[in-house]
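J.:
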Amino acid sequence: MLVLIDVLIPIVLIFLVGFWLEKKQVLDVRSVSAVALYVLTPTLVFRTFYTTEINADLINIVLFCVLFLIAFLILNKLLARMFQWNRKKESGMTLATTFMNSGNYGAPLILFAFGEVAFAYAIIFMVVQSLLMSTAGVYLANRSNLTAADALRVVLKMPVFHALLIGVIFQWLNISIKDTYFDAIHLLADAAIPVVMIVLGMQLANISLHSLEWKTISIGTVMRLGFSPIIAYAITLLLQPNPTLSTVMIVSASMPTAATIAMISVEFDASPDIVSSITLVTTIMSVPSLWLLLTILGG
1087 MLVLIDVLIP IVLIFLVGFW LEKKQVLDVR SVSAVALYVL TPTLVFRTFY
1137 TTEINADLIN IVLFCVLFLI AFLILNKLLA RMFQWNRKKE SGMTLATTFM
1187 NSGNYGAPLI LFAFGEVAFA YAIIFMVVQS LLMSTAGVYL ANRSNLTAAD
1237 ALRVVLKMPV FHALLIGVIF QWLNISIKDT YFDAIHLLAD AAIPVVMIVL
1287 GMQLANISLH SLEWKTISIG TVMRLGFSPI IAYAITLLLQ PNPTLSTVMI
1337 VSASMPTAAT IAMISVEFDA SPDIVSSITL VTTIMSVPSL WLLLTILGG
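Quick note: the sequence shown uses our numbering, first residue 1087, plus one each step.
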């Protein structure tokens, strides 16, 4: 019960603030999202990679994310054949079940549940997932028209990628930053998580449920919230990371469908109704599922 009261409910309340703001049309979600996308999140990513050395933990996170992606691509291909999904539905289900909300939801959850060390891992996980979402995710949503070169160009335009690159270069060259300037970086970076949480609440307020395919949505929900922690646990057994990183990767992989994926599915017409519905349903159902998972993991 303490996990629910001390960790999950405070996070849900912040989401509800964003939900209320959007419903009352107090703010424009695109403006708030732009601030998070172009200023706050890149600053957080820069700080994380500037202060984090490239080591076995970073390699483990990248390997985990790639193996997780491959596992769900195979799983969705098998389910598509079993249920005779057409190409469009298969793309939508792959998007909805493969890409999790490790940033707006996962990172703050891990911070609240496991502390600063785990949070640093969660930010790196978020960045890797963001890169995969913007390449593999966009490609899967529009695979008939998008080439590998197009997907690469998408990544190269991402502010988060630029921040990651600059942070790694600064650390590699051992470039020092004056305290006053680093204090400014801290201010922006610390604002990133609460703002992206509010953005998620605003994004959820724009998702509507109509003409639901409950069978398909149920399959997607079980895959996202039920299969993900099992597959994540199996991959951690293979990679053998340290216990804190293992916990971060399992919890991050068990988040509901990313709201960004819902927007990608709309943009490229990859079963947007199904993806949006799974996004909303998994976000709601994640409260009990994550409560159970955190209790098991001792969060």
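For glycine and all other residues, C-beta sits at the position ideal for the given N, C-alpha and C.
Since the model is a prediction, treat every value here as computed from it, not as a measurement.
(1) In terms of residues, what are the limits of the alpha helix (DSSP H) holding Trp1106?
(2) Give the DSSP-derived three-state secondary structure of Met1283 in the structure shown.
(3) Mind checking which residues open and close the alpha helix (DSSP H) that includes Gly1192?
(4) Along the chain, where does the alpha helix (DSSP H) that runs through Gln1215 open and close?
(5) For Thr1368, which of Val1224, Ala1222, Val1240 and Ser1340 has the nearest alpha-carbon?
(6) Beta-carbon within less than 7 Å of Thr1346's beta-carbon, same chain only, minus the 5 sequence neighbours each way: which residues are those?
(7) Which value, in whole angstroms, describes the spacing of the CA atoms of Val1282 and Val1098?
(8) Residue range of the alpha helix (DSSP H) that Gly1178 falls in?
(9) Of the choices Leu1378, Ile1316, Ser1357 and Gly1287, whose alpha-carbon is the least far from that of Leu1107?
(10) Would you call the region 1169–1181 in contact with the region 1327–1342, where contact means no fewer than 3 C-beta pairs closer than 8 Å?
(11) Thinking just about the alpha-carbon of each residue, which of Phe1268, Arg1239 and Val1214 is nearest to the one in Leu1250?
(12) Can the beta-carbon of Glu1139 be found closer than 9 Å to that of Gln1326?
(13) Expressed to the nearest angstrom, what Euclidean distance is found between the alpha-carbon atoms of Ile1255 and Met1168?
(14) Any chance the region 1179–1190 sits against the region 1344–1364, with 3 or more Cβ pairs inside 8 Å?
(15) What is the DSSP secondary structure of Thr1322, counted as helix, strand or coil?
(16) Using a Cβ distance threshold of 8 Å, determine whether the region 1120–1127 contacts the region 1270–1284, with at least three qualifying pairs required.
(17) How many Å lie between Phe1132 and Gly1253 at the Cα?
(18) For Thr1307 versus Ile1364, is the C-beta distance shorter than 9 Å?
(19) In the structure shown, what three-state DSSP assignment does Thr1330 receive?
(20) Please check the pair Leu1311 and Met1371, which I expect to be a contact at CB under 8 Å, by giving their CB distance rounded to whole angstroms.
(21) Can you tell which of Ile1261, Ser1216, Tyr1207 and Ala1227 has the C-alpha that lies nearest to the C-alpha of Leu1242?
(22) Could you tell me how far apart the beta carbons of Ala1356 and Leu1181 are, in whole angstroms, since I believe they sit closer than 8 Å?
(23) According to DSSP, simplified to helix, strand and coil, what is Thr1368?
(24) Nearest CA to the CA of Leu1149: which residue from Val1115, Ile1210, Phe1105 and Ser1119?
(25) Just reading off the alpha helix (DSSP H) that Asp1355 is part of, what are its end residues?
(26) Would Tyr1267 be called buried (16 or more neighbouring beta carbons within 10 Å of its own) or exposed?
(27) For Val1334 and Ala1204, what's the separation of their Cα atoms in angstroms?
(28) Could you tell me if Gln1289 is buried or exposed, where buried requires 16 or more neighbouring beta carbons within 10 angstroms of its beta carbon?
(29) Specify the secondary structure class of Thr1343 as computed by DSSP and reduced to three states.
(30) Can you check whether the CB of Ala1227 is closer than 9 Å to the CB of Ala1208?
(31) Taking the straight line between their C-alpha atoms, what separation do you get for Gly1120 and Pro1096?
T.: By the coordinates alone:
(1) In this chain, the alpha helix (DSSP H) harbouring Trp1106 covers Ile1095 to Lys1109.
(2) helix
(3) Where Gly1192 is concerned, there is no enclosing alpha helix (DSSP H), given that its DSSP letter is neither H nor E.
(4) Glu1202 to Leu1218
(5) Ser1340
(6) Met1219
(7) 13 Å
(8) Arg1173 to Thr1184
(9) Gly1287
(10) no
(11) Val1214
(12) no
(13) 47 Å
(14) Contact between the region 1179–1190 and the region 1344–1364 is present, because at least three Cβ pairs lie under 8 Å.
(15) helix
(16) yes
(17) 5 Å
(18) yes
(19) Of the three classes helix, strand and coil, the one that applies to Thr1330 here is helix, per DSSP.
(20) Sure, about 6 Å apart at Cβ, within 8 Å.
(21) Ser1216
(22) 6 Å
(23) helix
(24) Ile1210
(25) Premise fails: Asp1355 is in no alpha helix (DSSP H) and is neither H nor E.
(26) exposed
(27) 6 Å
(28) buried
(29) In this structure, Thr1343 counts as strand in the three-state DSSP scheme.
(30) no
(31) Note on residue identity: the sequence assigns Ala, not Gly, to residue 1120. Rounded to the nearest angstrom, the two C-alpha atoms are 24 Å apart.
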